[in-house]
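My numbering numbers the first residue of the sequence shown as 1033 and each following residue consecutively.
Don't be surprised by glycine CBs; every beta carbon is placed ideally from N, CA and C.
Quick caveat, the model's predicted, so the values are computed rather than measured.
Have a look at the structure below, then the notes.
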Amino acid sequence: MKFSERIHTASLYVGAIVGAGFATGKEIILFFGDGGYLAPLLTGAAMGLCAPLFMLIGKAAAELRKGAKAGGNLFSAAKAVFLAVVGLCMLLTMTTMIGGMQNLAGDSPLKRLCGFTVAAVCVAVSSLGAGAVKRINTALVPVLFALLAVLFFKSSGQVAALPVNPLRCVSYLSMNMLLGGCLAVKEGERATAGDMVFVGVICAVVLGAMTCFVYFAASDYPETEMPVYSLCRASGLGVVGAAAVGIAILTTLAGAANSLGDGLRMILPSEAAVTAVLLLITLASYGWDFAKAVNIFYPFIAAVAGLTFAVAIAASAAYGAVCAIIRIRPELFGKNRP
C-alpha cells in the first residue's frame, strides 16, 4: 500500500466505528460512566489495534479461497452464512443511522426531511464502492477528531483515572467491531505486514484519543440524553455538537451502506440495481425512531460481533496453518505458488 492508501484504510475503519451513540456520549457513559478515563482510553486503543487482526482475516480468506481443495465447499457455505448474518447487521445499522440523521435534524417535518435527504445522498454515494466511502471518511474523520478535541478542552476535566472495569471494556470493544472489521477485511487481501502495523497504530492512537475526548466531555452531563451535546449547548457550541454527531452518523452510514451493497452485488445484476435497492431501504427508513432502533437492534449486533471475534481467531489460525502447508506441500496450492 502507498502511504495515502494506508491513511484511507485507517479512516475507513475509524469512521465506521464512531457512530451516533459514540459522538453523543450516551454509549460511552453507559459503559464507562462508573469508572475512570483509563477505561475508555485503553478500550479505544484496543479497538484500533483490532484493525490488523481483521486485515489478517482478509489475507487468510484469500489463501483459503485460492488454495483449499479439500473443504472448499464447506468454506464457501460457511462464508455465505456468515455474510448473510453480517448483511442483516449492516441493514440494521444503516437504517438506525438514517433514523439518527433525521432525529438530529430536528422535530419539524421539514427539518427531518432535510436530515433524511442528507442520509439518502450519503447512501447513494456510498453505493458506488469502497473508494467513495474512503474519500468520505478521509475527509470527515479529521474534522470529527478536531471537534471532539475542542470539546475535550471545554470540559471541566474533573475525571479520575481509575477504576477500570475489564468486563465493560471487552463488552464495548465487541459491540463496536463488526462494521469496522467488515471493512478492514476487504483491505487485508493486498496488505503487507507493514501496512497492517501502520494502520493498527494509527487507528489505536486516533480511537484511543477520541474515546477519551468523548468521555471527558460527556462526564460533565452524564444524566442527559445526549451528554456531549449538553456540554456544547452550555458552552455556546451547539453547532459544534451537532456537527460532531452528524459526521459520526454519516461515516458509519457510509460504511454500512457500502458493506450491504457488497452483499447485494452477489445477487443483483447491476450497479444501478444495487443503488436502487439501497435507496428503497433508505426510503423505508423514513420516520424511524433512533432511540428505539438502538435499543432493539444493538443487542443483536453486539452478539454477532462476538461471533465475529471467534471467526477472527479461527481465520488467523487457519491462515497460519495454510502458510505452513504451503511451505511443506506447495503442490496442493498450485505449482506456481511460492
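*With a cut-off of 8 Å on the beta carbons, I'd call G1051 and I1313 a contact; round off their distance for me.*
Rounded, the Cβ-Cβ distance is 18 Å, inconsistent with contact.
*If you check the beta carbons only, do G1068 and P1254 fall under 8 Å apart?*
no
_Rounded to whole angstroms, what is the Cα-Cα separation between C1146 and G1319?_
12 Å
*Starting from Y1045, trace the alpha helix (DSSP H) both ways and give me its first and last residue.*
For Y1045, the enclosing alpha helix (DSSP H) starts and ends at 1035-1049.
*Could you pull out every residue in the same chain whose Cβ sits closer than 6 Å to the Cβ of F1148, ignoring the five residues on either side in sequence?*
Q1134, Y1318
*asked:* Using the three-state DSSP reduction, which class does N1197 fall into: helix, strand or coil?
replied: coil
*Hey, how far is the Cα of V1157 from the Cα of N1169?*
12 Å
*asked:* By alpha-carbon positions, which one of D1252, G1161, M1207, G1212 ends up nearest to A1192?
replied: Of the listed residues, the one whose Cα sits closest to A1192 is D1252.
*Apply the 10 Å Cβ neighbour rule to F1035 and answer buried if 16 or more other Cβ atoms are within range, or exposed otherwise.*
The C-beta of F1035 has fewer than 16 other C-beta atoms within 10 Å across all chains shown, which makes the residue exposed.
*What number of angstroms, rounded off, separates the C-alpha of K1058 from the C-alpha of G1080?*
20 Å
*Starting from D1227, follow the alpha helix (DSSP H) in both directions and report where the run begins and ends.*
1225-1250
_Helix, strand or coil at S1158 according to DSSP, with G and I counted as helix_ = helix
*Are there 16 or more other CB atoms within 10 angstroms of the CB of R1038, so buried, or fewer, so exposed?*
buried
*How many Å lie between I1279 and D1321 at the Cα?*
19 Å
*Output yes or no for whether 8 Å exceeds the beta carbon distance between V1046 and V1238.*
yes
*Could you tell me the boundaries of the alpha helix (DSSP H) in which V1306 lies?*
Unbroken alpha helix (DSSP H) run through V1306: 1303-1316.
*Under a Cβ-count criterion, where at least 16 other Cβ atoms within 10 Å of its own Cβ denotes burial, should S1188 be classed as buried or exposed?*
exposed
*Just how far apart, CA to CA, sit A1042 and V1202?*
Rounded to whole angstroms, A1042 to V1202 spans 21 Å at the Cα level.
*Kindly indicate the opening and closing residues of the alpha helix (DSSP H) around I1061.*
1058-1064
*Under the assumption that A1316 contacts M1033 (Cβ atoms under 8 Å), give the Cβ distance between them as a whole number of angstroms.*
Not really, about 37 Å apart at Cβ, beyond 8 Å.
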